[in-house]
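Student: Got a structure for you, written out below as structure tokens; questions coming shortly.
There are 2 protein chains.
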Amino acid sequence: MTKDDQMPFEAALVARAGPLEALLRQLLDERPHSGEIARPEHLMAAMRHGVLNGGKRLRPFLVLESAALFSADGEAALRVAAALECVHCYSLIHDDLPAMDDDDLRRGQPTVHKAFDEATAILAGDALLTLAFDIIADEATALPAERRAALVLALARAAGAGGMVGGQTLDLEAEHIRPDEAGIIRLQAMKTGALMRFACEAGAIIAGAPPADRERLAEFGSAIGLAFQLADDLLDLTADASQMGKATGKDAAAGKATLVALHGADWARGQLNGLVDQAHALLDPYGEDAALLKEAAKFVAARNN
Amino acid sequence: MTKDDQMPFEAALVARAGPLEALLRQLLDERPHSGEIARPEHLMAAMRHGVLNGGKRLRPFLVLESAALFSADGEAALRVAAALECVHCYSLIHDDLPAMDDDDLRRGQPTVHKAFDEATAILAGDALLTLAFDIIADEATALPAERRAALVLALARAAGAGGMVGGQTLDLEAEHIRPDEAGIIRLQAMKTGALMRFACEAGAIIAGAPPADRERLAEFGSAIGLAFQLADDLLDLTADASQMGKATGKDAAAGKATLVALHGADWARGQLNGLVDQAHALLDPYGEDAALLKEAAKFVAARNN
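First to last, the sequence lines map onto chains H and P.
My numbering puts the first sequence at residues 23 to 327.
My numbering puts the second sequence at residues 23 to 327.
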């Protein structure tokens with residue numbers, strides 16, 4: 023895939039991000055909402071630092087496009103997209119903590135615990151996770167209560183002990199207990215896959231689409247999630263190779279078990295092509311309406327940053 | 023209030039806790055629920071350590087009793103009570119972290135980050151918070167979706183940046199910027215009051231009671247929350263006085279601003295009596311049905327541990 027192929031998709035990604043940024047800013051302002059007492063300025067500033075950081079907003083894009091596929095209400099989809107981004111950003115804030123990955127920088131800016139302090143970073147993450155469920159459950163997400171409840175449940179399952187947080191635990195354990203291939207696949211399906219799956223499934227839930235469509239979109243999200251992780255591992259290997267002049271990557275050097283480390287770059291490229299084909303086939307029933315989602319699958323597989 | 027007066031209430035508290043403990047055990051087992059991939063044993067063990075720790079389960083009791091006041095479905099109330107306890111326990115796990123209060127022991131047992139490690143404690147807290155919303159939104163909480171969504175929203179508002187987590191942030195700030203009386207009241211209403219308020223309000227939501235009842239129970243919860251904090255601060259002062267042979271408490275020694283430190287023990291005892299009267303008056307319309315909730319208000323104000 024050449025750079026030219028990616029341009030239209032990246033433009034769509036940027037266009038979709040605009041209204042999302044505006045909504046996130048509004049949701050993260052300091053005026054207390056109904057049922058709240060007051061929103062401490064310091065905490066809200068830390069939450070904004072962790073969210074309004076120039077992210078690509080890929081997960082929100084997937085929510086918005088999957089919702090559009092079923093002609094769902096755009097405003098409701100935007101709120102669900104914002105909620106999902108709050109969950110994604112909370113996970114990054116907590117991941118960056120000294121007790122976890124201990125990262126000082128994210129997107130060239132100090133991480134939340136560096137810009138503020140550790141306690142504030144922990145609380146800002148906690149508050150963002152809580153806010154995500156607030157946003158979805160709120161009647162301002164103008165959907166039947168049944169769908170709001172279904173979205174809360176699906177997001178909680180994707181983000182909790184049996185999803186993202188469980189995957190983060192397995193990832194920490196993998197530093198001590200090297201997982202086998204099945205273990206790596208499970209870890210990645212949880213750590214990065216579960217939220218991607220939710221992102222795509224969410225559109226079908228928002229629209230009240232039939233269960234078969236919901237499952238189809240969820241499968242599409244899982245395929246994208248796998249591709250995302252493979253591309254990431256491949257990037258780690260190849261970026262390192264070009265910088266260090268050798269074929270071993272950061273992950274491999276750190277003893278980190280990845281599918282790319284197990285099977286090599288050529289295998290990974292083959293897998294990525296297969297996953298994109300699989301993702302596209304899942305969307306074939308939707309014809310041209312799914313064009314941008316198909317582009318998203320290619321973008322994820324080909325991403326170089 | 024004498025010890026004898028408390029016995030019937032404490033027996034009711036213990037009786038109510040039994041089914042709750044059983045449900046919490048079931049919710050925290052390792053079998054993945056629908057929509058989950060797998061639940062890492064290590065993470066689930068940390069979550070259980072933080073929850074199944076012999077707590078008094080006061081907040082769940084308030085949910086169950088307020089629900090009973092309106093003849094709400096007992097099974098649904100039990101699940102909401104369990105969800106609230108997950109939120110309370112997550113907040114204790116994160117509060118105990120080295121970056122926060124740095125406590126090694128809770129109820130005589132090692133805190134989660136001591137029994138496991140910091141990263142696992144952060145993730146166990148995150149997973150418990152997420153699980154709380156999972157429990158409420160699940161159709162197993164056999165309530166109309168409108169009520170499940172309302173409960174998710176009310177809990178998120180009580181627990182988030184404009185409630186408990188906001189209060190924790192203000193509490194950390196209070197070590198540097200000494201709050202005035204209004205600031206202390208606001209801090210306490212957020213840090214401990216918001217969840218107590220939710221606990222009592224929840225019963226009315228579960229039952230689909232009219233807004234006036236919901237507001238009345240919420241006010242009762244706020245009064246209990248204030249009493250809880252006053253009793254806590256008073257205990258700190260008097261426990262310290264008997265141990266140290268002087269009238270300055272731990273909080274005062276640490277320079278911590280509390281209403282008891284500002285106004286003294288006699289004032290605090292007067293306030294506590296006033297809050298109990300106020301709480302009881304709020305429940306007068308419910309007659310004998312509210313007897314145990316009234317006992318709860320006395321228990322909170324008189325508690326000595």
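Where a beta carbon is used, it is the ideal one built from N, C-alpha and C, also for glycine.
Because the structure is a prediction, the values reported are computed rather than measured.
Any chance the CB of GLY189 (chain H) is under 7 Å from a heavy atom of the ligand PLP?
Tutor: The ligand PLP is not part of this structure, which contains no ligands at all.
Student: Buried or exposed for HIS110 (chain P), going by 16 or more other Cβ atoms inside 10 Å?
Tutor: As a working note, residue 110 (chain P) is residue 88 in the second sequence. By the neighbour-count rule (16 or more Cβ atoms within 10 Å), HIS110 (chain P) is buried.
Student: Which stretch, first to last residue, makes up the alpha helix (DSSP H) that contains ARG81 (chain P)?
Tutor: Here residue 81 (chain P) is taken as the residue at index 59 of the second sequence, counted from 1. Unbroken alpha helix (DSSP H) run through ARG81 (chain P): 80-91.
Student: Where do the N-terminal and C-terminal ends of the alpha helix (DSSP H) with PHE138 (chain H) fall, by residue?
Tutor: Here residue 138 (chain H) refers to the residue found at position 116 when the first sequence is read from its first residue. Here PHE138 (chain H) belongs to no alpha helix (DSSP H), and DSSP marks it neither H nor E.
Student: What does the Cβ neighbour count give for VAL73 (chain H), buried or exposed, with the cut at 16 atoms within 10 Å?
Tutor: Translated into the one-based positions of the first sequence, residue 73 (chain H) becomes position 51. It counts as buried.
Student: Closest Cβ-Cβ distance between LEU281 (chain H) and chain P: below 8 Å?
Tutor: Here residue 281 (chain H) refers to the residue found at position 259 of the first sequence. Not one chain P Cβ lies under 8 Å of LEU281 (chain H).
Student: Beta-carbon of MET69 (chain H) versus every beta-carbon of chain P: anything under 8 Å?
Tutor: Residue 69 (chain H) sits at position 47 when you count from the first residue of the first sequence. Output row for MET69 (chain H): interface = yes.
Student: Listed from N- to C-terminal order along the chain, which residues in the segment 194-213 of chain P have their beta-carbon within a distance smaller than 8 Å of any beta-carbon of chain H?
Tutor: Flagged, chain order: LEU194, GLU195, ARG208, ALA211, MET212.
Student: Relative to the C-alpha of GLU223 (chain P), which candidate in P:VAL174, P:ASP51, P:GLY243, P:GLY205 has its C-alpha closest?
Tutor: Locating residue 223 (chain P) in the second sequence gives position 201, where the first residue counts as 1. The shortest C-alpha separation from GLU223 (chain P) is found at P:GLY243.
Student: Taking all protein chains shown into account, decide if LEU127 (chain H) is buried (16 or more other Cβ within 10 angstroms of its Cβ) or exposed.
Tutor: Residue 127 (chain H) sits at position 105 when you count from the first residue of the first sequence. LEU127 (chain H) comes out exposed.
Student: Check whether the segment 43-60 of chain P touches the segment 277-287 of chain H, taking contact to mean three or more Cβ pairs, one atom from each stretch, closer than 8 Å.
Tutor: Result no; under three Cβ-Cβ pairs closer than 8 Å.
Student: DSSP on PRO307 (chain P), reduced to helix/strand/coil?
Tutor: Position 285 of the second sequence, counting from 1, holds the residue named residue 307 (chain P). Residue state, collapsed to three classes: helix.
Student: Terminal residues of the continuous alpha helix (DSSP H) containing ALA319 (chain H)?
Tutor: Numbered from 1 along the first sequence, position 297 holds the residue referred to as residue 319 (chain H). Its alpha helix (DSSP H) spans residues 313-324.
Student: Just the Cα atoms here: how many angstroms apart are PRO132 (chain P) and PHE321 (chain P)?
Tutor: Counting from 1 along the second sequence, the entry for residue 132 (chain P) is found at position 110. Counting from 1 along the second sequence, the entry for residue 321 (chain P) is found at position 299. Each residue's alpha carbon lies about 27 Å from the other.
Student: Who are the Cβ neighbours of ALA318 (chain H) in its own chain at under 6 Å, not counting the five residues just before and after it?
Tutor: Translated into the one-based positions of the first sequence, residue 318 (chain H) becomes position 296. Closer than 6 Å at Cβ, skipping near neighbours: no residue.
Student: Tell me whether ARG53 (chain H) sits in a helix, a strand or coil according to DSSP, three-state version.
Tutor: Position 31 of the first sequence holds residue 53 (chain H). Reduced to three states, the DSSP call for ARG53 (chain H) is coil.
Student: Shorter than 8 Å from the beta carbon of HIS116 (chain H) to some beta carbon of chain P?
Tutor: Indexing the first sequence from 1 puts residue 116 (chain H) at position 94. Closer than 8 Å to some Cβ of chain P, the Cβ of HIS116 (chain H) qualifies, so yes.
Student: Between which residues of its own chain and LEU239 (chain P) is the CB-CB distance below 7 Å, once the five residues before and five after are set aside?
Tutor: For the purposes of this step, residue 239 (chain P) is taken as the residue at position 217 of the second sequence. The answer, listed in chain order, is SER88, CYS222, GLU223, GLY225, ALA226.
Student: Does the Cβ-Cβ distance between ILE115 (chain H) and ALA154 (chain H) come in under 8 Å?
Tutor: Locating residue 115 (chain H) in the first sequence gives position 93, where the first residue counts as 1. Locating residue 154 (chain H) in the first sequence gives position 132, where the first residue counts as 1. For ILE115 (chain H) and ALA154 (chain H), no; Cβs fall outside 8 Å.
Student: Taking Cβ-Cβ distances shorter than 9 Å, what residues in chain P pair up with PHE138 (chain H)?
Tutor: On the first sequence, position 116 is the one that residue 138 (chain H) refers to. None at all; the shortest Cβ gap to chain P is about 10 Å.
Student: Following the continuous alpha helix (DSSP H) through ASP64 (chain H), name the residue where it begins and the one where it ends.
Tutor: For the purposes of this step, residue 64 (chain H) is identified with residue 42 of the first sequence, where counting begins at 1. The sequence given here has His at residue 64 (chain H), not Asp. From DSSP, the alpha helix (DSSP H) with HIS64 (chain H) extends over 63-73.
Student: Which residue's Cα is closest to the Cα of ALA196 (chain H): P:HIS64, P:GLY77, P:ARG219, P:ALA44?
Tutor: Position 174 of the first sequence, counted from the first residue, corresponds to residue 196 (chain H). Among P:HIS64, P:GLY77, P:ARG219, P:ALA44, the Cα nearest to that of ALA196 (chain H) is on P:HIS64.
Student: What does the Cβ neighbour count give for GLN48 (chain H), buried or exposed, with the cut at 16 atoms within 10 Å?
Tutor: Locating residue 48 (chain H) in the first sequence gives position 26, counting from the first residue. GLN48 (chain H) should be labelled exposed.
Student: Of the choices H:ARG236, H:PRO233, H:ILE228, H:ARG219, whose alpha-carbon is the least far from that of PHE250 (chain H)?
Tutor: Position 228 of the first sequence holds residue 250 (chain H). Cα-wise, what sits closest to PHE250 (chain H) is H:ARG219.
Student: Counting only beta-carbon separations shorter than 8 Å, does GLN190 (chain H) have a partner in chain P?
Tutor: Counted from its first residue, the first sequence places residue 190 (chain H) at position 168. Closer than 8 Å: yes.
Student: Any Cβ of chain P within less than 8 Å of the Cβ of MET66 (chain H)?
Tutor: Your numbering for residue 66 (chain H) matches position 44 in the first sequence. Interface residue, yes.
Student: Report yes if the CB atom of ALA39 (chain H) is closer than 8 Å to the CB atom of ARG79 (chain H), and no otherwise.
Tutor: On the first sequence, position 17 is the one that residue 39 (chain H) refers to. On the first sequence, position 57 is the one that residue 79 (chain H) refers to. A contact, by the Cβ cut-off of 8 Å.
Student: Since LEU165 (chain H) is in the alpha helix (DSSP H), which residue starts that stretch and which ends it?
Tutor: What you label residue 165 (chain H) is simply residue 143 of the first sequence in a count that begins at 1. That residue, LEU165 (chain H), is in no alpha helix (DSSP H); it is neither H nor E in DSSP.
Student: For VAL174 (chain H), decide whether its Cβ has a neighbour in chain P, counting only Cβ atoms nearer than 8 Å.
Tutor: Counting from 1 along the first sequence, the entry for residue 174 (chain H) is found at position 152. VAL174 (chain H) counts as touching chain P.
Student: Could you pull the DSSP bridge partners for ARG128 (chain P) from this structure?
Tutor: Taking the second sequence and counting its residues from 1, one reaches residue 128 (chain P) at position 106. In the DSSP output, where bridge partners are listed per residue, ARG128 (chain P) has P:GLN131.
Student: Which residues in chain H sit within 9 Å of ASP235 (chain P), going by Cβ to Cβ distance?
Tutor: Stepping through the second sequence from its first residue, residue 235 (chain P) is reached at position 213. None at all; the shortest Cβ gap to chain H is about 17 Å.
Student: Return the Cβ separation of LEU35 (chain H) and LEU217 (chain H) in integer angstroms, given the expectation that the two are a contact with Cβ distance under 8 Å.
Tutor: Position 13 of the first sequence, counting from 1, holds the residue named residue 35 (chain H). Position 195 of the first sequence, counting from 1, holds the residue named residue 217 (chain H). With a Cβ gap of about 17 Å, LEU35 (chain H) and LEU217 (chain H) do not count as contacting.
Student: So, is PRO62 (chain H) buried or exposed, given that buried needs 16 or more other C-beta atoms within 10 angstroms?
Tutor: As a first step, residue 62 (chain H) must be located in the first sequence, where it is residue number 40. Its Cβ being crowded by 16 or more others within 10 Å, PRO62 (chain H) is buried.
Student: Hey, is the segment 167-182 of chain P in contact with the segment 149-166 of chain H, meaning 3+ C-beta pairs nearer than 8 Å?
Tutor: Yes, the segment 167-182 of chain P is in contact with the segment 149-166 of chain H.
Student: Using C-beta distances below 7 Å, list every residue in its chain close to PRO41 (chain H), excluding the 5 sequence neighbours before and after it, in chain order.
Tutor: If you number the first sequence from 1, residue 41 (chain H) lands on position 19. Result list for PRO41 (chain H): LEU100, in chain order.
Student: Output, in chain order, the set of chain H residues within a Cβ distance shorter than 8 Å of GLY184 (chain P).
Tutor: By 1-based counting over the second sequence, the position of residue 184 (chain P) is 162. What GLY184 (chain P) touches in chain H: PRO54, HIS55, GLY57, GLU58, ILE59, ALA60, ARG61.
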